[in-house]
Structure formats: C-alpha cells, structure tokens
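Below: one structure, written as structure tokens.
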Amino acid sequence: MAAGLNGHIATYLGLAPRSGPALKMMRASQAESMKEPILDDIISRLANSLPAPAPACLHEFPGPLNLPLDLLPVPLERLRAASVLVPIVRDPAGSRILLTQRTAHLRHHGGQISFPGGGAEPEDVDAIQTALRESAEELGLPSDQVHVIGYLDPHVTVSGFCITPVVGFVPPDLSLQPDPNEVSEVFEVPLTFLMDPANHQRRTVQIKDRELTYHTIVYGPWNIWGATAAMIINLAEKLALVPPEGA
Numbered sequence: 008m009a010a011g012l013n014g015h016i017a018t019y020l021g022l023a024p025r026s027g028p029a030l031k032m033m034r035a036s037q038a039e040s041m042k043e044p045i046l047d048d049i050i051s052r053l054a055n056s057l058p059a060p061a062p063a064c065l066h067e068f069p070g071p072l073n074l075p076l077d078l079l080p081v082p083l084e085r086l087r088a089a090s091v092l093v094p095i096v097r098d099p100a101g102s103r104i105l106l107t108q109r110t111a112h113l114r115h116h117g118g119q120i121s122f123p124g125g126g127a128e129p130e131d132v133d134a135i136q137t138a139l140r141e142s143a144e145e146l147g148l149p150s151d152q153v154h155v156i157g158y159l160d161p162h163v164t165v166s167g168f169c170i171t172p173v174v175g176f177v178p179p180d181l182s183l184q185p186d187p188n189e190v191s192e193v194f195e196v197p198l199t200f201l202m203d204p205a206n207h208q209r210r211t212v213q214i215k216d217r218e219l220t221y222h223t224i225v226y227g228p229w230n231i232w233g234a235t236a237a238m239i240i241n242l243a244e245k246l247a248l249v250p251p252e253g254a
C-alpha cells in the first residue's frame with residue numbers, strides 16, 4: 008500500500024507498526040471456543056472451490072475490481088504482477104494459516120501483516136513460481152514442501168501491484184529461516200478463526216473525498232487488515248463460508 012494511504016489508515020486505526028527487537032517465531036494458540044473442521048473436508052472444499060488457472064492479468068479478470076480506478080497509480084494493464092503464498096499448515100491437531108509481519112523499514116507495506124510474496128521477476132514463468140521463490144527468500148521455505156492447490160481472486164493495491172494469491176499446503180513444524188531484513192515475526196492463526204465471519208470486521212476511511220470500506224481481522228496482538236484480510240475473506244468466500252463481496 009502506498010505510503011500516504013498506509014499512513015492515513017494506520018493513523019486512523021492506531022495501527023502504526025510496532026517497534027520491537029527481534030525476529031521471533033510464534034505459533035498462535037487454538038481459540039478455545041472454535042471447533043476445528045475435519046481436515047479432509049477442508050482439503051476437499053479448497054480443492055473444489057479454487058480455480059485451476061491463474062488470470063494472466065487483472066484487466067482480463069471478469070470479477071469486480073477491489074479498488075476504484077482513480078486510486079490506481081497506473082492503468083490496469085500497467086500494474087506490476089506480484090504473487091503471495093497463502094500457506095495452510097496441514098496438521099491433524101488443527102489446520103492453521105501462516106502469516107508474517109514485515110519489517111517496518113520496507114518500502115512497500117512496511118510493518119504490516121502479510122503473506123510471503125512479492126513482485127514477479129522476468130525469470131518467473133508464472134504466479135506459482137513467483138510465490139514459491141519469494142517464500143523461499145523471505146522465510147527459507149523449501150519449494151518442494153509446498154503443495155499448491157489453487158488460486159484466489161487477484162487483488163490490486165494503490166502501490167501499483169496486481170497480486171495473485173497462490174494457496175498451498177505446507178507440513179507442520181517446518182524449520183524456517185526468516186530473513187530479518189524483510190520479516191520481523193512469523194506466526195500461525197487457526198484456520199477456523201480466520202474463516203469465522205464473526206471475526207471479520209469492516210472499517211471505513213476517508214480517501215480523496217470518498218469513504219472506502221476495507222476488512223480487518225484482529226487476533227491477539229495482530230491486526231490483519233487491508234489486502235491480507237481481503238484475501239483471507241476471499242478464501243472464506245471460495246469455501247462458501249461467507250457470502251461473496253457485494254452479494
């Protein structure tokens with residue numbers, strides 16, 4: 008998200024990036040009030056719900072745009088392609104989604120909660136390769152430990168990216184080596200918590216004389232908002248756990 012909009016919303020919500028030392032590896036505990044769905048059922052619904060091919064570019068995608076056109080810094084066809092990995096930890100004890108907090112000094116989305124990912128490079132053959140390469144660079148996540156199962160809807164940002172979210176399963180208890188220049192924290196949140204509509208909030212902010220609505224999910228000390236929250240909720244839509252946006 009562009010620095011101006013990022014700062015505006017962060018100030019509005021009191022979500023300025025936390026200062027803190029240290030690279031930390033954390034695992035979020037299972038929420039006691041939530042019942043974990045049967046893992047096989049989750050796998051089946053994900054595999055059947057997510058589309059097989061990734062859109063080549065958002066301007067070719069038939070779905071609704073998530074931002075007004077006049078907030079984009081460039082025309083749709085000039086947005087920079089990017090990908091993120093939405094890593095679902097397959098664990099009979101409880102499936103989880105792995106998230107990161109970006110270091111505060113990064114130019115794009117500094118201090119925010121995000122999925123591992125970044126801009127496409129010329130050598131990347133597709134969105135999957137971008138997501139896997141970036142995840143390996145940021146987290147030390149071996150590409151051969153990711154089982155890709157599909158895509159979520161593309162997402163555009165005011166910083167000029169068209170992001171393809173790539174959903175994949177990863178095994179539990181991976182030995183990750185986060186890059187401290189890019190990642191300040193790594194943590195996991197129960198999938199049941201993130202898919203529960205009761206935990207999805209909408210907030211508004213005034214940008215360019217208009218009121219924009221965006222999603223936020225609060226889990227413990229973490230405020231998951233913006234593009235990351237929107238992708239999580241899009242996953243819930245694909246699983247038919249929440250109605251599609253605008254329905």
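Numbering-wise (the working numbering), the sequence shown opens with residue 8 and increments by one.
Where a beta carbon is used, it is the ideal one built from N, C-alpha and C, also for glycine.
Quick caveat: nothing in here was measured; it's all calculated off a predicted structure.
Provide the residue span of the beta strand (DSSP E) that contains residue i, from first to last.
i, result
"L106", "R103 to R109"
"N230", "W229 to W232"
"H154", "H154 to Y158"
"G125", "G124 to G126"
By a C-beta neighbour count over all protein chains shown, 10 Å radius and 16 as the cutoff for buried, is residue i buried or exposed?
i, result
"E130", "exposed"
"N241", "buried"
"Q208", "exposed"
"T264", "Not covered by the structure: residue 264. The range shown for the chain is 8 to 254."
"P185", "buried"
"A247", "exposed"
If you follow the alpha helix (DSSP H) that residue i is part of, which residue opens it and which one closes it?
i, result
"L198", "L198 to M202"
On the three-state DSSP scale, how would you describe residue i?
i, result
"Q136", "helix"
"E218", "strand"
"A189", "One point to set straight first is that residue 189 is Glu, not Ala, in the sequence displayed. E189 falls in the coil class under three-state DSSP."
"A243", "helix"
"K42", "In this predicted model, K42 has a pLDDT of only 45, less than 50, meaning its place in the structure is not dependable; the value taken from the coordinates is given anyway. Residue state, collapsed to three classes: coil."
"R85", "helix"
For residue i, write down the residues that DSSP places opposite it in a beta bridge.
i, result
"I224", "I231"
"E195", "L105"
"P4", "This structure gives no information on residue 4, because the portion of the chain shown stretches from 8 to 254."
Next on the checklist: With three or more beta-carbon pairs closer than 8 Å as the criterion, would you say the segment 206-220 touches the segment 131-144?
Outcome noted: no
Next on the checklist: Under 8 Å, with one C-beta from each stretch per pair, do the segment 96-109 and the segment 198-206 reach the 3-pair mark?
Outcome noted: yes
Checklist entry - Pairing CB atoms from the segment 160-180 with CB atoms from the segment 84-94, are three or more of them under 8 Å? => result yes
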